[in-house]
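In this text, residue positions in the sequence shown follow the working numbering: the first is 57, and each later residue adds one.
Cβ coordinates follow ideal geometry from the N, Cα and C atoms, glycine included.
Model, not experiment: these values are computed from the prediction.
A short worksheet on the structure shown next.
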Amino acid sequence: MAILIDRNSKILIQGITGREASMVTKHTLDYGSPVIAGVTPGKGGTDVHGVPVYDTVKEAMNNHEINTAVVYVPPAFVYDAVVEALDNNIKFVFIATENVPQKDVIKFLYLAKQKGARVVGPNSVGIISPGERVKVGAIGGDNVERCFISGHVGVISRSGGMTAETSWMVKRAGYGISTSVSIGGDPLIGSPPVDLLKLFEADPDTHAVVTFSEPGTTFEEDMADFVKAGGFTKPLISFVAGQFTENLPEGTVFGHAGAIISGGAGKPSQKVKRLKEAGMLVADEFDDIITLLQKALS
């Protein structure tokens with residue numbers, strides 16, 4: 057089993073004819089993922105690597121059964137793409153695009169909640185469930201098995217690149233992945249860590265979770281509260297990057313748009329303190345994930 061995507065996913069790629077989306081489509085198909093259709097206005101009737109392209113989501117839905125939308129359109133058009141997917145009753149929307157205007161994110165996240173749909177992203181490199189041979193986004197590229205092999209450990213990462221590296225730590229520890237999720241580095245995202253911990257808790261195929269955290273936001277503090285309240289009961293290993301940032305001037309923006317420290321909020325040291333108080337295993341060095349995971353699952 058897995059969370060978010062599995063062999064029952066039927067994937068539509070919005071913006072499929074773009075350079076990056078076309079490359080991602082090929083890698084996704086080569087991995088075995090069910091890409092059913094694509095949408096690019098004005099390109100209907102063509103195909104991308106054998107995937108039929110339609111002018112609208114509605115037209116694609118009239119011809120195919122689709123339950124997952126993958127958004128690869130320019131930032132200014134993400135809002136319209138997400139709304140089009142939601143209006144056509146697609147319940148899972150993945151957004152790869154970065155630099156999406158925050159006012160647009162606020163609006164489509166509200167709409168998604170009203171419609172009972174889930175959003176991952178914006179600014180996500182992807183999601184992968186190796187046991188199901190399904191991925192969305194650029195995650196894993198064309199050499200998936202380098203970092204992502206099937207197993208029973210979930211991964212949640214703010215950083216796209218570190219989603220792969222964290223999954224590689226799991227592989228080095230002798231384990232594999234149930235699902236790895238790049239949640240997106242923007243301040244406003246559709247599925248923060250606590251939302252995913254709820255899904256991993258309910259997934260019998262996930263025996264532990266590893267998280268990669270960054271400065272900024274209250275995601276880790278929220279995780280700590282959730283674990284303390286008994287919401288997540290499986291082994292949970294975390295690494296919090298960026299402790300050097302506490303020596304930078306307040307308000308400095310670095311890395312992802314969400315990596316901002318203001319006052320006491322968002323400090324890595326505060327996150328580490330709260331996570332440890334909640335009983336989570338916190339890696340002092342990134343490589344410590346290996347030994348902590350082996351200890352937790354031995």
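message: Considering just the uninterrupted stretch of the beta strand (DSSP E) at Gly-210, what are its terminal residues?
response: Position 154 of the sequence shown, counting from 1, holds the residue named residue 210. Residues 206-213.
Where Val-149 falls: helix, strand or coil (DSSP): Here residue 149 refers to the residue found at position 93 of the sequence shown. Strand, per DSSP.
field: Rounded distance between the beta-carbons of Ile-205 and Val-237, thought under 8 Å
entry: Here residue 237 is taken as the residue at index 181 of the sequence shown, counted from 1. Here residue 205 is taken as the residue at index 149 of the sequence shown, counted from 1. About 16 Å; that fails the 8 Å criterion.
message: I need the boundaries of the beta strand (DSSP E) containing Phe-295, first residue and last residue.
response: As a position in the sequence shown, residue 295 is number 239, starting the count at 1. Its beta strand (DSSP E) spans residues 292-296.
- prompt: Out of curiosity, what's the CA-to-CA distance linking Ile-59 and Val-181?
  reply: Translated into positions along the sequence shown, residue 59 becomes position 3. Translated into positions along the sequence shown, residue 181 becomes position 125. Cα to Cα, the separation comes out at about 16 Å.
field: Distance, Val-192 Cα to Phe-282 Cα
entry: Translated into the one-based positions of the sequence shown, residue 282 becomes position 226. Translated into the one-based positions of the sequence shown, residue 192 becomes position 136. Their Cα atoms are separated by approximately 28 Å.
task: Can you tell me which of Asp-111, Val-156, Pro-90 puts its alpha carbon nearest to the alpha carbon of Gly-71?
output: Within the sequence shown, numbered from 1, the residue matching residue 71 stands at position 15. Considering only alpha carbons, the answer is Asp-111.
task: Label Thr-289 either buried or exposed according to how many other C-beta atoms from any shown protein chain fall within 10 Å of its C-beta, with 16 as the threshold for buried.
output: Locating residue 289 in the sequence shown gives position 233, counting from the first residue. The residue in question, Thr-289, is exposed, as its Cβ has fewer than 16 Cβ neighbours within 10 Å.
- prompt: What residue range is occupied by the uninterrupted alpha helix (DSSP H) comprising Ile-78?
  reply: Taking the sequence shown and counting its residues from 1, the one referred to as residue 78 is at position 22. A small fix is needed here, since residue 78 is Ser in this sequence, not Ile. Per DSSP, Ser-78 belongs to the alpha helix (DSSP H) from 75-87.
message: Can you give me the C-alpha to C-alpha distance between Asp-136 and Asp-259, rounded to a whole angstrom?
response: Against the sequence shown, residue 136 aligns to sequence position 80. Against the sequence shown, residue 259 aligns to sequence position 203. About 33 Å.
query: If you follow the alpha helix (DSSP H) that Val-109 is part of, which residue opens it and which one closes it?
result: To locate residue 109, count along the sequence shown from 1; it is residue 53. Per DSSP, Val-109 belongs to no alpha helix (DSSP H); it is in the beta strand (DSSP E), 107-110.
message: By DSSP's criteria, Phe-268 is part of a beta bridge. Which residues make up the other side?
response: Position 212 of the sequence shown, counted from the first residue, corresponds to residue 268. Its beta-bridge partners are Ser-213, Phe-295.
- prompt: Which of helix, strand or coil does DSSP assign to Lys-191?
  reply: Locating residue 191 in the sequence shown gives position 135, counting from the first residue. Three-state DSSP puts Lys-191 in a strand.
Identified DSSP bridge partners for Val-126: Along the sequence shown, one-based indexing puts residue 126 at 70. Note: Val-126 sits in a beta bridge opposite Ile-69, Phe-150.
- prompt: Buried or exposed: Gly-298, going by 16 or more other Cβ atoms within 10 Å of its Cβ?
  reply: By 1-based counting over the sequence shown, the position of residue 298 is 242. Gly-298 comes out buried.
query: Got a sec? Which residues, its chain only, sit under 8 Å from Ser-287 by beta carbon, not counting five neighbours each side?
result: As a working note, residue 287 is residue 231 in the sequence shown. Here residue 287 turns out to be Gly, not Ser, going by the sequence shown. Result list for Gly-287: Val-250, Leu-253, Lys-254, Glu-257, in chain order.
task: Whole angstroms is fine: what's the gap from Ser-185's alpha carbon to Phe-164's?
output: For the purposes of this step, residue 185 is identified with residue 129 of the sequence shown, where counting begins at 1. For the purposes of this step, residue 164 is identified with residue 108 of the sequence shown, where counting begins at 1. Looking at the two C-alpha atoms, the distance is approximately 26 Å.
field: Among Asp-278, Ser-223, Ser-294, Lys-159, nearest to Leu-244 - alpha-carbon criterion
entry: As a first step, residue 244 is located in the sequence shown; it is residue number 188 there, counting from the start. That would be Lys-159, whose Cα lies nearest to the Cα of Leu-244.
- request: Determine the burial state of Gly-172: buried for a count of at least 16 other Cβ atoms within 10 Å of its Cβ, exposed for fewer.
  value: Within the sequence shown, numbered from 1, the residue matching residue 172 stands at position 116. Gly-172 is exposed by the Cβ-count criterion.
field: Helix, strand or coil at Asp-278 according to DSSP, with G and I counted as helix
entry: Mapped onto the sequence shown, residue 278 falls at position 222. Residue state, collapsed to three classes: helix.
- prompt: Quick one: what's Ser-238 bridged to in DSSP?
  reply: Residue 238 sits at position 182 when you count from the first residue of the sequence shown. DSSP output for Ser-238 lists Ser-213 as bridge partner(s).
task: Rounded to whole angstroms, what's the CA-CA distance from Asn-118 to Gly-216? Just pull it up for me.
output: Here residue 118 corresponds to residue number 62 of the sequence shown, with the count starting at 1. Here residue 216 corresponds to residue number 160 of the sequence shown, with the count starting at 1. C-alpha separation (whole angstroms): 34 Å.
- prompt: Asp-340: buried (16+ other C-beta within 10 angstroms of its C-beta) or exposed?
  reply: Translated into positions along the sequence shown, residue 340 becomes position 284. With fewer than 16 Cβ atoms within 10 Å of its Cβ, Asp-340 is classed as exposed.
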